[in-house]
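The numbering used here numbers the first residue of the sequence shown as 982 and each following residue consecutively.
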Amino acid sequence: MSEPELTALADAIARHALGWLLVASAVLLVVAYTAWRTIERFAPLIVERIAPHWSRLDRHRFVARYLGWHAAAAFVAVALAASAFAELADELGAGDAMVEFDSALASSLGRHLGPRILQAMSVVTHLGDTAFLTGLVVVAVVVLLLRRRRTLAISFALAAAGGGLLIRLLKAVFERTRPERLHHWSPVDGYSFPSGHAAGSMLVYGLGAYLLIRHLPRRSAGASAAAALLLILVVGSSRVMLQVHYASDVLAGWMLAASWGALCVAGYEGVRLSGRRRRPQ
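The following block contains the structure:
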């Protein structure tokens, strides 16, 4: 797309930012629900078809045979999300279309968003603050320890801490400056790429939803997953609407959290399955 076309697109999004956020929320829930039902319907059939051939594979040469279905799927997610993050990082050079769109969108949002919307977003964005997410992690770890789920508690704590360190490291590597803004809402410092709020909220809420999906009845698990998706979307969108991050910062934060979170899930599932196999029958 040409620069005028990118500017026009950014302006159209900024003029109706809340409307686009509502549309994105609805689309996200519909897609997630459809994917959920599709997996529920077809996954058992696929497993049944593959199982006779699967059992013949050398467990030590085929990672999915050893780690199990959840970990195998997680490794696929790691590869896809990491590739998407790398593609975003590669587009950070001056003159790239993504950079032009980022700047145009931030500028348009600064012109079109009023103080009430900015104030509301400045409240919502606290759901992705490091202090708030750390508190949630501490509560989750304590609950898991009280329920004698020591391995799960340690895994969750390490995943959250490791994600935080990874975010700081990548910010220092890319050193991308934040967008210019003309309001006082949500004061920030530090570098922009990737978004720590987007990555942190996706990691904590995403892993929390994973735990609930694994241990709650189907209806409750579905509601938990839907709530997590909405929180992730709203927190990430608030960073763009507040003009403290470019849109690509948020996308990169989501991809980073998806790849790291999926890797942590794969590791946990591998440890869990390995421990189960070592238990005497």
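Heads up, the beta-carbon is just placed ideally off N, CA and C, and yes, glycines get one too.
Quick caveat, the model's predicted, so the values are computed rather than measured.
Inset, instruction - Return yes when the Cβ of His1226 is within less than 9 angstroms of the Cβ of Ser1182, no when it is not. - result: Annotated as distal: Ser1182 and His1226, with beta-carbon spacing of 9 angstroms or more.
Inset, instruction - Closer than 8 angstroms by C-beta to Val1105: which residues in its own chain qualify, once you throw out the five before and the five after it? Chain order, please. - result: Val1215, Val1216 and Ser1219.
Inset, instruction - Go through its chain and collect everything with a Cβ distance to Ser1173's Cβ below 7 angstroms, but skip five positions before and after it. - result: Here the set comprises Arg1157, Thr1158, Arg1159, His1226, Tyr1227 and Asp1230.
Inset, instruction - Evaluate contact between the segment 1122-1138 and the segment 1203-1215, counting only Cβ atoms and requiring at least three cross-stretch pairs below 8 angstroms. - result: For the pair of segments examined, the segment 1122-1138 was found not to touch the segment 1203-1215: the number of CB pairs separated by less than 8 angstroms stays below three.
Inset, instruction - With a threshold of 16 other CB atoms inside 10 Å of the CB of Asp1077, please say whether the residue is buried or exposed. - result: Exposed, since its Cβ has fewer than 16 Cβ neighbours within 10 Å.
Legend entry - Contact set for Ala1239: own chain, Cβ-Cβ below 6 angstroms, skip 5 residues either direction: Hits under 6 angstroms: Ala1062.
Inset, instruction - Report the rounded CA-to-CA distance for Leu1126 versus Val1004, giving the unit in angstroms. - result: Looking at the backbone, the Cα of Leu1126 and that of Val1004 are separated by about 40 angstroms.
Legend entry - Whether Arg996 touches Ser1064 by CB criterion (9 angstroms): In terms of Cβ geometry, Arg996 and Ser1064 do not form a close pair [threshold 9 angstroms].
Inset, instruction - Pick out whichever of Phe1155, Ala1087 and Ala1233 has its Cα sitting closest to the Cα of Thr988. - result: Measuring C-alpha to C-alpha distances from Thr988 to each of Phe1155, Ala1087 and Ala1233 identifies Ala1087 as the nearest.
Legend entry - Sub-9 angstroms separation of Leu1188 and Ala1140 beta-carbons: Result yes, Cβ atoms of Leu1188 and Ala1140 sit closer than 9 angstroms.
Legend entry - DSSP state of Pro1261 mapped onto helix, strand, coil: Bear in mind that a pLDDT of 49 at Pro1261, under 50, signals an unreliable position, so the model cannot answer this.
Legend entry - Sub-9 angstroms separation of Leu1117 and Val1185 beta-carbons: Going by beta carbons, Leu1117 and Val1185 fall inside the 9 angstroms limit.
Legend entry - Val1119 versus Leu1193, Val1011 and Ala1138, residue with shortest Cα-Cα distance: The shortest Cα separation from Val1119 among Leu1193, Val1011 and Ala1138 belongs to Ala1138.
Legend entry - Distance CB(Ala1162)-CB(Leu1223) smaller than 9 angstroms: Just to set this straight, residue 1162 is Arg in the shown sequence, not Ala. With contacts defined by Cβ atoms closer than 9 angstroms, Arg1162 and Leu1223 form a contacting pair.
Inset, instruction - Would you kindly work out how many angstroms separate the C-alpha atoms of Ile994 and Trp1001, rounded to a whole number? - result: Each residue's alpha carbon lies about 7 angstroms from the other.
Legend entry - N- and C-terminal bounds of the alpha helix (DSSP H) containing Leu1197: Element bounds for Leu1197: n/a, residue is neither H nor E.
Legend entry - Simplified DSSP state of His1164, which is helix, strand or coil: In this structure, His1164 counts as coil in the three-state DSSP scheme.
Inset, instruction - Identify whether Asp1077 lies in helix, strand or coil by the three-state DSSP scheme. - result: Reduced to three states, the DSSP call for Asp1077 is coil.
Inset, instruction - Check Trp1001 in the structure and name its three-state DSSP category. - result: In this structure, DSSP gives Trp1001 a helical state, which the three-state scheme calls helix.
Legend entry - Length-filtered (4 minimum) alpha helix (DSSP H) runs lying within the segment 1085-1117: Taking only runs of at least 4 residues, the alpha helix (DSSP H) segments lying wholly in the segment 1085-1117 are 1096-1105.
Inset, instruction - From the DSSP output, in three-state form, read off His1226 for me. - result: Under the three-state reduction of DSSP, His1226 is assigned to coil, being neither helix nor strand.
Inset, instruction - With DSSP collapsed to three states, give me the class of Thr1015. - result: The answer is helix: DSSP assigns Thr1015 an H, G or I state.
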